[in-house]
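Trainee: Next up is a structure, given as structure tokens.
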Amino acid sequence: MGRYLLRRLAFLLVSLALASVVLFVLLRLLPGDPANALTSVGASPEQIAAARHSIGSDRPLPEQFTHWLGQLTSGDLGTSFVSSLPVGPEVTARLNVTVPLTLAAFVLAVLVAVPVGFVAAYKRRTWYGAVLSGISQLGIAVPVFWLGMILIAVFALNAGWLPSGGFPQDGWDAPAEAVRSLVLPVVTIALVMGASLIRYVRSATLDVLGSDYLRTARALGASFPRAMWRHGLRNASVPVISILGIELASTLLGAVVVESVYALPGLGSLLATGIAQHDYPVVQGVLFVSTLAVLLIGFAADLVQRIIDPRLRGRLSGGAR
Amino acid sequence: MTPRDTPPGPLLDVRGLTVRTDDGRTLVDDLSFTVGGGERLGLIGESGSGKSLTTLALLGLLPDGMTATGSVELAGTQIVGAPEKRLTAVRGRDAAVVFQEPLTALDPLMRMGRQIAEPLARRTGLKGRDLRTAVTDALVRVRLPEPDRIAHAFPHEISGGQRQRVALAMALACEPSLLIADEPTTALDVSVQAEMLDLLDTLVREREMAVLFVSHDLAVVAKVTDRVLVLKDGRAVEEGPVLDVVTAPKAGYTRALVAGARKLESALDLRSPR
Amino acid sequence: MTLPAAPLKETEPSKETTPVSRRRRSATLLAGCSLTALIALLALVSLVWLPFDTDDTSGGRLAGPGDGHLLGTDKLGRDLLTQLMTGARIAVQAGLGSVAIAALVGVTLGVLAAFAQGWLDDTLAAFLDILIAFPTLLLAMLVVAARSATLGSAILAIGLAQSAVVARLVRILVKRVLARDYITAARTSGTSWPRTVAAHILPNIWPTLVVNLALQFGLAVLAEAGLSYLGLGAPPPNASWGRMLQEAQATFTTAPAGALAPGILLVVLVVGVNLVADGLRDTLDPATRRRRT
Amino acid sequence: MSKNSRTRASLYGTATVATLALGLTACGGGSDGGSASAGTWDKNATVNIGSLYEPQNLDNTAGGGQGVTEALNGNVYEGLFKLTDDGKVEKLLAQNHEVSKDGLTYTFTLRDGVKFHSGKELTSADVKYSLEKVLAKDSQSARKSNLEVVKDIATPDAKTVKVTLSKKSISFVYNLSYVWIINSEAENLKTTEDGTGPYKLAKWTRGSALSLDRFAGYWGDAAANKKAVYHYYKDASALNNALLTNAVDVVTSEQSPDALEQFKSNKNYKVNDGDSTTKLLLAFNDKAKPFTDVKVRQAVSAAIDDKKLLESVWGGYGKLIGSMVPPTDPWYEDLTDVNAYDVTKAKKLLDEAGYAKGFSFTLDTPNYDPHPTAATFIKSQLAKVGITVKINTITPDEWYTKVYKNRDFTATLQEHVNDRDLVWYGNPDFYWGYDDKQVTQWVEQAEEASTTEEQTELLKKVNRKTAEDAASDWLYLYPQIVVASSKLSGYPLNGLNSQFYAYDIKKKG
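Protein chains in written order, with the numbering used here: chain A, 1 to 321; chain B, 322 to 595; chain C, 596 to 888; chain D, 889 to 1397.
The following block contains the structure:
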């Protein structure tokens, strides 16, 4: 295991290094001039040139890249072209919204999806099993922003129970307000994420229900609950965990739309702004941190799967993801 | 194998067993047979003939979407239509199964020892070290070398033959009155098949266990059973003592089977004199 | 990393181990087909006939039904039904286009990756894994930023993002096929690679692939709606459903029709293709077929 | 500096639209204190202001953008002069000023008792520092070019500043209203401040909000509320929802009429229709065929029914204009009759220009509202006179590169937010390429005029001439709509040039 951990960590670092090169190159390939974001009508060519110089976008690419790498190794994500403010603190501040949002939604989705998915599989021949499957079908098909719009209309505008959007200026120093402002976004993400999780849990449960080992256990006298507990849970969790890893990672990065609907100052909205303004340091910073998160989550998911499933232990990156 | 309070009739009494799918297809049609205590019955037929479904119906383990009608009495308990609780009590105790595919029949995520310990503990109530010793004994009984290593291994870490022995050990750990063996050797290499059959033969003989041996392979069935029942498309086409069926098959289907088996026999010389 | 113990995210392997009744199976397929056909019909009809001209702003602002406007008008006085119909066309276009790109790029990459060995294999697999963790929408945002916000960009972006998913699936499926004996036989007997791929590999993977592509279609439609909602999809005045929803957001409470109808159609289309995928899987997928008695 | 001096630039504030076209554009705005004279109000109230324009940073010479003007101008920072909400220039930190006979030397006397938030007293050195900051090489100030006439800044004593210009500039004082007076010793101006205004910065949370606290040591009348918080949204719907749920008390500038219905019918809200300076232009490239021909431009202008366009984009709000000049500019004249909607005339003009069978052109259209809508509308209107419009949707970034820098376009749509921006027609190098020697001369003369009357007279000529030449097609003037809780009074109605003075806002308890 120790050897595996070392190799896996090395793999993680190499991936990160590769990703940062790819990121940098890809971003510079985008057409568009970051100085445009600083320009206003009436700006003279000299002013534009000065702007370009001040942000360093007039320097050769290799130089820009080594500069960025130098910053990275000292834990600095650079300075925004547009705001001239450091990117690191900005990303951290946004993570304070996005991470709680994602994790809460994730936990809620899992709490709902696991029992529902199980029932949907176990009782698939009853009417409520079918209804549960149907609901998850619907949930997968609902655009997340539309769901958000509806929830806002119902719970914020009509009922007035919860804020329609925004995040308190004092952030988590105003815990009650902060929590209130995240309730609807969390529910929105959890519903959509939960719907697809239900399908995976259902299918994993179906696999277990139809498995020979479960039949063996029961044929030898184990009661159904006992057999599910001893054999079903672990076996079903292997595929589900790999999905959870992917879902968690993509929700973390994919909160853009929900953040937009609920006017949340999260990582996604920072990225969207950065892309629009060609603010490379911001985009690079966000994507770098995201890649790191993706790799770490993948790492964690691999590790958990490896602990559960002995068949994966021979491999570097658990076959799962 | 201490004979339990044996009911008056046969150990297994199947009458008019019929298995249908929800959409109305009949997979097993009006099947009747009996297996007495210590008797060995072979159930033979090609794949799709309904023989595997029959074994599942005997234990009330038919998959969703299929229903059994008729009557299955196992050691005096009516299986058809019985509530899950009663079935749980019967399974393992009165009849245990060895399935065809040892790789999937074992939980891939659980060490062999723990898998054997499960039915063992249920029957004997043993715990801790005693249980572990019993597990080792069970592995030794099925002639597995290095029982401690096997007990510690996961299914994918041992060979197919070893896995099937473990499955057999699990079934035997229940000390059932009836052992149902559903194509127990089909998934194995030919060389291992013979060993496995031999082992099975010896073990049930020692325990005076009744056996319901299911196979598509007449040669294999003939080796371990006294009587055979030939199934085709869910119906019984012929039944009788092994020798009679093999030497003088009545139904055309059985004749074809016998001819097939002869060919195999001469090629492999698998059959030992009974 | 062959034969993952886990299911592929993309093909939920709903192996109904038991024979699902044929009736039920065909009911799923039938329901899916009818829902999809409904939207397809809207899209097709929009090619030859529309209740109003798409640019016709003569209707009253946010008028209710009536005056020839079956569902009323939007805030610019354009006929809502007309917009929904052209929206259907864009949605179907987005779905088909993205899936075509995803299939082309994904299958090619996947097959190539499947033949890789050793560290190259590991690296490719890891790279695809990382790529997949990045949501389609995010990758699409980058592509759209590089090109401009048009339907073409959106389709390209979504298709490319999805091709990673398809490539990963194909790679695994192909590896699975390659592991089988008859492929080894074909290889040793000197059959050329392209031949092997055409004769042995594609026939074996296509059922799973088709089911997956059907699912990708639904995802592509949703992604396009998301991009349009963010203003990165088909540019106005094109009536993409996502854009219609974005525009109707402000008038959700005062004129709910405009904020509900596009959403409902989106759900109908996506549920439709997902049901088709489910139905297809049950009829095509050898994995489930094998299990049937 | 020269011809184009007096305009402040900023097409859309400054930053090229923060979000990817969530439909936000910049706004324009009038000036001066809001409505109603509330009887009693809560002197310690917190006023929550909702806005779409978040500052990029807090320094208006380092790309702070339109948001920084909205939040800090007049509230946190003050200039020597201020532009009131109705467009007048008033003295603020300047007690007095004198102009020399030749119009080249301005002597300012500073107000007594003015303190920065840090406690330091205001001196002439701070004024010199602040002006130099705008003029510095790395300054990204949109006013930089306007102020480049400044040749020398002297500080004879602590209360006197003497500025010498290289040539006459009648807009100089007006332009000074955009120069923040900053403590010359202040640091970290991108995230902190040190101004003299009625509020000091309490906290700025990027992506979320910026809050201001009443400054106890303010030299003038204290702010009418204790705290003003600007809440930032990226999307108009979210902003309106916030107003509906009382998360904010006032919206600085509504960008569409969509949500107004629900506010108008609700007595808890007041919808104010103020004067804006934002114009929507169909800008021809006057140097590209066929728009080199005056008749073609006139024909296109006459072929488009502006009234109907305004109606469909803004419902009942907004105004029609016949030229670049909004009613709040001193040289305004109603020129809506020039090249008014007349399809027959348009056809005749096309015929005369040799385009009887029409022609086709590409319209570069920014991808955010209202441009695409207007483009669609124009397309259907011009089709009636045989002109085919190809709509090419582009991002703000592309607009800057393709249209603004490279002049690679035939016609484009763009909103121009600022007041007094007629003078760009005097600059033949501007993106739309309007080049009329006479107009250029008039604009130069106007800037060097001795009296405002003279300036006004000349610019009126420019106005008429450009209108007659259909230099561009001025489609309409945006409305400036401020929606506020009816508990509020004293808020600015016009928000001239994006300013939003919060200090007079009174909130009932």
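We put the beta carbon where it would ideally sit given N, CA and C, even for glycine.
Near lysine 1290(D), what residues of its chain come up, given a Cβ to Cβ distance below 6 Å and the 5 sequence neighbours on each side ignored?
Mentor: These residues qualify, in order along the chain: Asp1296.
Trainee: Which parts of the segment 189 to 237 of chain A are runs of the alpha helix (DSSP H), unbroken and 4 residues or longer, counting only runs that do not cross its ends?
Mentor: List check, alpha helix (DSSP H) in window: 212 to 219 and 224 to 227.
Trainee: Which of the three DSSP states, helix, strand or coil, is assigned to leucine 637(C)?
Mentor: Three-state DSSP puts leucine 637(C) in a helix.
Trainee: So, serine 1360(D) versus alanine 1112(D), is the Cβ gap smaller than 8 Å?
Mentor: Not a contact, by the Cβ cut-off of 8 Å.
Trainee: Once you ignore the five residues that flank isoleucine 1209(D) on each side, which residues in its own chain have a CB closer than 6 Å to its CB?
Mentor: Taken in chain order, the residues that qualify are Trp1362 and Leu1365.
Trainee: Looking at the secondary structure, which residues open and close the alpha helix (DSSP H) in which threonine 347(B) lies?
Mentor: Run containing threonine 347(B): none in the alpha helix (DSSP H); it sits in the beta strand (DSSP E), 347 to 356.
Trainee: When you compare the CB of proline 830(C) with every CB in chain D, is at least one pair closer than 8 Å?
Mentor: Answer yes: the Cβ-Cβ gap between proline 830(C) and chain D drops below 8 Å somewhere.
Trainee: Select from Val144(A), Gly210(A) and Leu12(A) the residue whose C-alpha is nearest the C-alpha of leucine 295(A).
Mentor: Among Val144(A), Gly210(A) and Leu12(A), the Cα nearest to that of leucine 295(A) belongs to Leu12(A).
Trainee: Using 10 angstroms around the beta-carbon of proline 789(C), count the other beta-carbons present and answer buried if the total reaches 16, otherwise exposed.
Mentor: That one is exposed.
Trainee: I'd like to know whether the C-beta of alanine 626(C) is nearer than 8 Å to at least one C-beta of chain A.
Mentor: Not one chain A Cβ lies under 8 Å of alanine 626(C).
Trainee: I need the boundaries of the alpha helix (DSSP H) containing proline 468(B), first residue and last residue.
Mentor: Unbroken alpha helix (DSSP H) run through proline 468(B): 468 to 473.
Trainee: At a CB-CB cut-off below 7 Å, which residues of chain D make contact with asparagine 36(A)?
Mentor: Residues of chain D passing the Cβ test: Thr904, Asp1285, Tyr1288 and Thr1289.
Trainee: Pick out whichever of Val1370(D), Leu1023(D), Pro1258(D) and Gly1105(D) has its Cα sitting closest to the Cα of valine 1401(D).
Mentor: No information on residue 1401(D) is available, as it lies outside the stretch 889 to 1397 that chain D covers here.
Trainee: Along chain D, which residues have their Cβ under 9 Å away from the Cβ of glutamate 177(A)?
Mentor: Going along chain D, no residue has its Cβ under 9 Å from glutamate 177(A), so there is no contact; the nearest lies around 10 Å.
Trainee: Does the beta-carbon of proline 265(A) have 16 or more other beta-carbons within 10 angstroms, so that it is buried, or is it exposed?
Mentor: Buried.
Trainee: Name the residues in the segment 123 to 154 of chain A whose C-beta lies less than 7 Å from a C-beta of chain C; which are they?
Mentor: Cβ contacts with chain C come from Gln137, Leu138, Ile140, Ala141, Val142, Pro143, Phe145, Trp146, Met149 and Ala153.
Trainee: In the structure shown, what three-state DSSP assignment does leucine 509(B) receive?
Mentor: Coil at leucine 509(B), not helix or strand.
Trainee: Between threonine 126(A) and the ligand GTP, is the CB less than 7 Å from at least one heavy atom?
Mentor: For the structure depicted, the ligand GTP is absent and the ligand set is empty, with no information on it obtainable.
Trainee: Establish whether the CB of valine 418(B) and some CB of chain A are separated by less than 8 Å.
Mentor: For valine 418(B), the answer is yes, since a Cβ of chain A falls inside 8 Å of its Cβ.
Trainee: Is the beta carbon of alanine 472(B) closer than 8 Å to that of leucine 460(B)?
Mentor: Yes.
Trainee: Within 10 angstroms of its Cβ, does histidine 537(B) collect 16 or more other Cβ (buried), or is it exposed?
Mentor: Buried: at least 16 other Cβ atoms inside 10 Å.
Trainee: Just tell me which of Asp279(A), Asp302(A) and Leu271(A) has its CA closest to the CA of leucine 95(A).
Mentor: When each option's Cα is compared against that of leucine 95(A), the closest is Leu271(A).
Trainee: Mind checking who threonine 388(B) pairs with in its DSSP beta bridge?
Mentor: Looking at the DSSP assignment, threonine 388(B) forms a beta bridge with Arg341(B).
Trainee: From the beta carbon of methionine 839(C), is the nearest beta carbon of chain A less than 8 Å away?
Mentor: Chain A contact via Cβ: absent.
Trainee: Measuring only the C-alpha atoms, how far is threonine 425(B) from leucine 162(A)?
Mentor: So the alpha carbons of these two residues sit roughly 51 Å apart.
Trainee: I'd like to know whether the C-beta of leucine 564(B) is nearer than 8 Å to at least one C-beta of chain A.
Mentor: Not an interface residue.
Trainee: Counting only Cβ-Cβ distances shorter than 7 Å, please list the residues of the segment 1257 to 1270 of chain D near chain C, keeping chain order.
Mentor: Residues Pro1260, Thr1261, Thr1264, Phe1265, Lys1267 and Ser1268.
Trainee: Between the C-alpha atoms of arginine 884(C) and isoleucine 685(C), what's the straight-line distance to the nearest angstrom?
Mentor: Residue confidence is low: arginine 884(C) scores 43 on pLDDT, short of 50, so the model does not pin down where it sits. Its coordinate-derived value is still stated next. Cα-Cα distance, rounded: 36 Å.
Trainee: What are the residues in the segment 837 to 865 of chain C lying within 7 Å of chain D by C-beta distance?
Mentor: Listed by position, the residues of the segment 837 to 865 of chain C near chain D (Cβ gap below 7 Å) are Gln844, Ala845, Thr846, Thr848 and Thr849.
Trainee: Which residue comes first and which comes last in the alpha helix (DSSP H) that contains tyrosine 1062(D)?
Mentor: Tyrosine 1062(D) -> alpha helix (DSSP H) spans 1060 to 1064.
Trainee: By the 7 Å beta-carbon criterion, what residues does the segment 227 to 259 of chain A contribute toward chain F?
Mentor: Absent from the structure is chain F; the protein chains it does hold are A, B, C and D.
Trainee: Quick check: is the beta carbon of glycine 667(C) nearer than 8 Å to any beta carbon in chain D?
Mentor: Closer than 8 Å: no.
Trainee: Could you give the DSSP three-state label for leucine 992(D): helix, strand or coil?
Mentor: Leucine 992(D) falls in the coil class under three-state DSSP.
Trainee: If you draw a straight line from the C-alpha of tyrosine 359(A) to the C-alpha of alanine 301(A), how long is it?
Mentor: The structure shown has nothing for residue 359(A), since chain A only spans 1 to 321.
Trainee: Comparing C-alpha positions only, which one of His278(A), Leu252(A) and Asp212(A) sits nearest to valine 418(B)?
Mentor: Measuring from the Cα of valine 418(B), the nearest candidate turns out to be Asp212(A).
Trainee: Just confirm the distance between the C-beta atoms of leucine 827(C) and valine 706(C), as a whole number of angstroms; I'd bet it's less than 8 Å.
Mentor: Actually they are not in contact, since the Cβ atoms of leucine 827(C) and valine 706(C) sit about 31 Å apart, beyond 8 Å.
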